Amino acid sequence: MSQEIAKIVPEEEKKDETNVEKNVEKVETKAQDKPLAPEKTTGGLHFRELVPALHKSLSQGDYHEKAIMSEVQSLMERYDEKFGDWQRFALMEEEEGKYSRNLITRNKYFTLIPIHDHGGSECWLRVVQGTLEERFYEKPQDSGPLVRKFVTEHKSPAVCFINGTIFFFFDFYV
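Here is the structure:
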C-alpha cells in the first residue's frame with residue numbers, strides 16, 4: 010500500500026533540520042498501535058537501520074556523485090520489507106484511491122515520505138508491496154487539463170531514481 014521514498018530536499022527547505030537520532034527515535038515511537046515486526050535474520054536492513062544509513066551516505070557530499078548514488082541505491086535495495094516495519098506509515102484515506110502524505114523523517118539531507126507527487130525534485134523510491142503505477146503528465150501551455158504522456162509500472166521490490174525536473178507531474182497509485 011505504500012513505498013518508502015528518500016526525497017532530496019532543496020536548500021530553501023532545509024530550515025527544519027533535526028538530529029538524525031531524534032528522527033530515528035520518532036520513527037521508533039510513532040504509531041504505537043503498529044508495533045515493529047519481530048527480529049528476523051534475513052541479512053536485510055530494518056527501517057531503523059535504513060534511516061541513519063541514508064543520513065550517513067547522503068551527508069558525504071553531492072548525491073549526484075556516482076559513489077553516493079550507488080550507496081543509496083544499495084541501501085534501498087537492502088531494506089527488507091518483510092520485517093513489516095513500513096506498515097505503520099501506510100496511511101490510506103477512507104475514499105478508495107486516495108492517499109495521505111505522511112512525513113516519516115526529515116533532516117538537512119533528505120526527507121522520507123511514503124508517497125507524493127513531484128514538482129522539480131528528485132528521489133529514490135522503494136516499492137515495498139504490490140505494484141506502483143507511475144503516471145507522467147505534461148503541464149499544458151494554457152489552463153487546459155493535464156496531458157498524460159506515459160505510464161510506468163514498478164513491482165516490489167523495485168528501487169528507482171526519479172528526476173522530476175523535466176516538468177512532468179507524477180501521480181502514484183498502488
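Numbering (my numbering), first residue to last: 10 to 183.
Note that beta-carbon positions come from the ideal geometry of N, C-alpha and C, so glycine has one too.
In this text, all values refer to a predicted model and were calculated from it rather than measured experimentally.
Item	Value
When you compare the CB positions of Val160 and Arg144, do they come within less than 8 Å of one another, or not?	yes
Would His64 pass as a contact of Asn116 if the rule is Cβ separation under 8 Å?	yes
Where does Ile171 fall in DSSP's three states?	strand
How is Phe145 classed by DSSP in three states: helix, strand or coil?	strand
Figure out for me which residue from Ser66, Ser130, Met85 and Arg57 has the closest Cα to the Cα of Asp94.	Arg57
Can the beta-carbon of Glu86 be found less than 8 Å from the beta-carbon of Ser66?	no
For Phe159, which residues does DSSP report across the bridge?	Phe145
In the DSSP assignment, find the alpha helix (DSSP H) that holds Glu74 and state where it starts and stops.	Looking at the DSSP string, Glu74 is not in any alpha helix (DSSP H), and its letter there is neither H nor E.
In the DSSP assignment, the alpha helix (DSSP H) including Arg57 goes from what residue to what residue?	Phe56 to Leu67
Have a look at Ser165, Tyr88 and Pro149 and flag the residue whose alpha-carbon is nearest the alpha-carbon of Lys158.	Pro149
Assign Lys91 to one of three DSSP states: helix, strand, or coil.	helix
Rounded to the nearest angstrom, what separates Glu30 and Leu59 at their Cα positions?	Its pLDDT being 40, under 50, Glu30 is placed unreliably by the model, and the measurement read from it follows with that caveat. Each residue's alpha carbon lies about 12 Å from the other.
Does the Cβ-Cβ distance between Glu90 and Pro154 come in under 8 Å?	no
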